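>
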Amino acid sequence: MPRNLPHMLCLILALLLVTAMPPVAQAQVIKSGQPSCPGVALTFDLCPVRKGTGYDQALIDYLIEQKIPATFFMSGKWMARHEQQVQTLLQVPFFEIGTHGEVHAHLPLHSTEEQKQEILGPVRLLKTKYSHNATLFRPPYGEFNDDTVNVARTLGLQFILWNVVSGDPDQTITASQIEDRLRRSVRKGSVIVMHANGKGKHTREVVQDLHEQLLPERNLAPMTISDLLTCNGKVAP
Ligand SMILES: [Zn+2]
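When we follow numbering that gives the first Met the number 0, the leftmost residue of the sequence shown carries the number 0, and every step to the right adds one.
1. Let me confirm a value: Lys76 is counted as buried when at least 16 other C-beta atoms fall within 10 Å, else exposed. Which label applies?
2. Is the beta carbon of Pro107 within less than 7 Å of some heavy atom of ligand 1?
3. Going by C-alpha to C-alpha distance, which of Tyr61, Lys198, Thr153 and Val192 sits closest to Gln170?
4. To the nearest angstrom, how far is the alpha carbon of Thr127 from that of Gly120?
5. How many Å lie between Thr98 and Asn132 at the Cα?
6. Locate the alpha helix (DSSP H) running through Pro121, then write down its first and last residues.
7. DSSP on Ile67, reduced to helix/strand/coil?
8. Can you tell me whether Lys187 is buried or exposed, with buried defined as 16 or more other CB within 10 angstroms of its CB?
9. Flag His99 as yes when its Cβ comes closer than 7 Å to any non-hydrogen atom of ligand 1, and as no otherwise.
10. What distance in whole Å lies between the Cβ atoms of Val148 and Thr42, which are believed to be in contact at a cut-off of 8 Å?
11. List the DSSP bridge partners of Met222.
12. Are Gln84 and Tyr54 close, meaning C-beta to C-beta below 8 Å?
13. Is Pro121 a contact residue of ligand 1, with contact defined as CB to any heavy atom under 7 Å?
14. Drop a sphere of 10 angstroms on the beta-carbon of Arg80, count the other beta-carbons inside from all chains shown, and report buried for 16 or more, exposed for fewer.
15. Measuring alpha carbon to alpha carbon, tell me which residue in Arg203, Asn218, Ile224 and Ile118 is nearest Gln65.
16. Considering only the alpha carbon of each residue, which of Thr229, Ser225 and Met78 lies closest to Glu95?
17. Mapping DSSP to helix, strand and coil, what is Ile177?
18. Three or more beta-carbon pairs under 8 Å between the region 66 to 75 and the region 33 to 47, yes or no?
19. Give the DSSP-derived three-state secondary structure of Met20 in the structure shown.
20. Quick one: what's got a C-beta closer than 7 Å to Trp161's C-beta in the same chain, skipping five residues either side?
21. Output needed for Thr223: all residues of its chain with C-beta closer than 6 Å, excluding positions within five of it in sequence on either side, in chain order.
22. Could you spell out where the beta strand (DSSP E) holding Gly97 opens and where it closes?
23. Any chance the CB of Cys230 is under 7 Å from a heavy atom of ligand 1?
24. Report all residues from its chain with a CB closer than 7 Å to the CB of Val164; omit the five preceding and five following residues, and keep chain order.
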């Protein structure tokens, strides 16, 4: 037996272990709830906009009227232009508020310190101006690297992506195309990404379809992200 065989075996074993484990940073990235949870999270990004009001009033009114739990990810730049709307959203008891970076930067292009400042912008603003502790973070464009995940963790933020893309900002698709896409992909524990900044021409209509048709048909309840992540297979009465 070659003398270095035990060494080689150790090395092979170590390599196998490393390749079998997901990178630590990736394990912190949340894309969905438990597949046993009879709920889905409707999530709405509030990315900054150059044109228009930047606020889908009809959508928000519908969510409030129908008492549909939802989660919003606010960017700092959007918050600066929508103080009244920030207040409104914070006051709705079945809405949850997270953050979405300061200026909607492409985070992986930035240094760790720059990423930290971009992530912290709206977190600080929510705390100082609105006395609100936001603990959910969604990276702009869903773009991140290990630094992004580590910074968010150090700041005590939960890193929230999605596993169902509505495609609502795409101006070339119809409401029924979005609804078909959701019918194919929504299941227990899904996190659906949509927009509440007016970019989604059909978002309100699609949410109405989810609320009236798709979710009841599948016995799925809309939940905030926090409720989805702590869901134990039962829907709160
Ligand atoms: Zn965004």
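Every residue, glycine too, gets a C-beta built ideally from N, C-alpha and C.
None of the values given here were measured: they were computed from a predicted structure.
Taking the structure as given:
1. buried
2. No, Cβ of Pro107 sits at least 7 Å from all heavy atoms of ligand 1.
3. Lys198
4. 11 Å
5. 10 Å
6. Thr111 to Tyr129
7. In the structure shown, Ile67 adopts coil according to DSSP, grouped into three states.
8. buried
9. yes
10. Not confirmed; about 19 Å, so no contact.
11. Ala40
12. yes
13. no
14. Flag for Arg80 reads exposed.
15. Arg203
16. The shortest C-alpha to C-alpha distance from Glu95 to any of Thr229, Ser225 and Met78 is the one to Ser225.
17. helix
18. yes
19. Note on Met20: pLDDT 49, under 50, position unreliable in the model; no value is reported.
20. Lys30, Thr42, Val190, Ile191 and Val192
21. Contacts found: Pro68, Thr70 and Glu95.
22. Phe94 to Thr98
23. no
24. Val192
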